[in-house]
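The structure under discussion appears below in the form of structure tokens.
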Amino acid sequence: MGRTRENKATVIADLKELLSEAQLGMVIDYQGLSVAEITELRNRLRPSGAICKVTKNTLMEQAITGDEAWEPMTNFLKGSSAFVLVKDDVGSAVRAYQSFKKDTKKTEFRGGVMQGQALNEDQVKAIADLPSKEELIGQVAGAINSIATKLAVGVNEVPTSIGRGINDIPNSLGRVMAAMAAREQENG
């Protein structure tokens, strides 16, 4: 029994909603994967906030038609397609897929779409190699902390330097007096 028109409209609406929340969409060929393997892929993707959606290319095409951010995906809609839609951690999701692909050797990456740009596998891997959001936050926090530390050390150094200068005055006066006395003895 085929899908009804209402059922198709519901699927398309669901796809549009998923796409509206996604940062990256990857199209993979899932031919040859068992249900257990697709489930394993979904389980690997879940911690990164990504989902793997298996749907007909025609339904996905209807969902992306008119949406400039996702229209480049039409280039990859052929054969048995599964769609990895990444909401949160792009790097983690791509690494999870790459690991799954390496372990099963049954899936093929067709292409990706991010911010209206069609991406090949190398470009998607390059995105995955970027630091995660948490790592970037840590780097920024470290940089801010180092600036504050350097500022505190610099501010602290001013009174310390003044104190050293004040402490050095009696020694300097003593050296000056000794030099003047020595000069008077030479002259006198």
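Position one of the sequence shown corresponds to residue 301 (the working numbering), numbered consecutively onward.
Every residue gets a Cβ at the ideal spot worked out from N, C-alpha and C, and that includes glycine.
Tell me whether residue i sits in a helix, a strand or coil according to DSSP, three-state version.
i: K387; result: coil
i: K353; result: strand
i: D367; result: coil
i: L341; result: helix
i: G325; result: strand
i: S472; result: helix
i: G463; result: helix
i: Q331; result: coil
i: T310; result: helix
i: R305; result: helix
i: P347; result: helix
i: P372; result: helix
Less than 6 Å between C-beta atoms, sequence neighbours within five positions excluded: which residues of the same chain meet that for residue i?
i: N357; result: L377 and S381
i: A428; result: G391, V394 and R395
i: L319; result: W370
i: P470; result: none
i: E408; result: D329
For residue i, would you say it is in contact with chain C, using Cβ-to-Cβ distances shorter than 9 Å as the test?
i: D329; result: Of the protein chains in the structure, only one exists, and it is not chain C.
In its own chain, which residues sit with a C-beta less than 7 Å from the C-beta of residue i, not counting the 5 before and 5 after it?
i: Q417; result: P372
i: I437; result: none
i: G379; result: D329 and Q331
i: L430; result: G391
Could you check whether residue j and residue i sit closer than 9 Å to each other, using their CB atoms as the reference points?
i: L345; j: V384; result: yes
i: V424; j: G412; result: yes
i: A363; j: K433; result: no
i: Q323; j: D388; result: yes
i: K308; j: L359; result: yes
Taking 8 Å as the limit between beta carbons, can you name the residues of its chain near residue i, skipping five residues before and five after?
i: A478; result: none
Three CB pairs or more closer than 8 Å across the segment 324 to 334 and the segment 394 to 411: yes
Complete beta strand (DSSP E) runs within the segment 377 to 429 (minimum length 3 residues, chain order): 381 to 386, 408 to 414 and 417 to 419
Three CB pairs or more closer than 8 Å across the segment 402 to 415 and the segment 346 to 360: no
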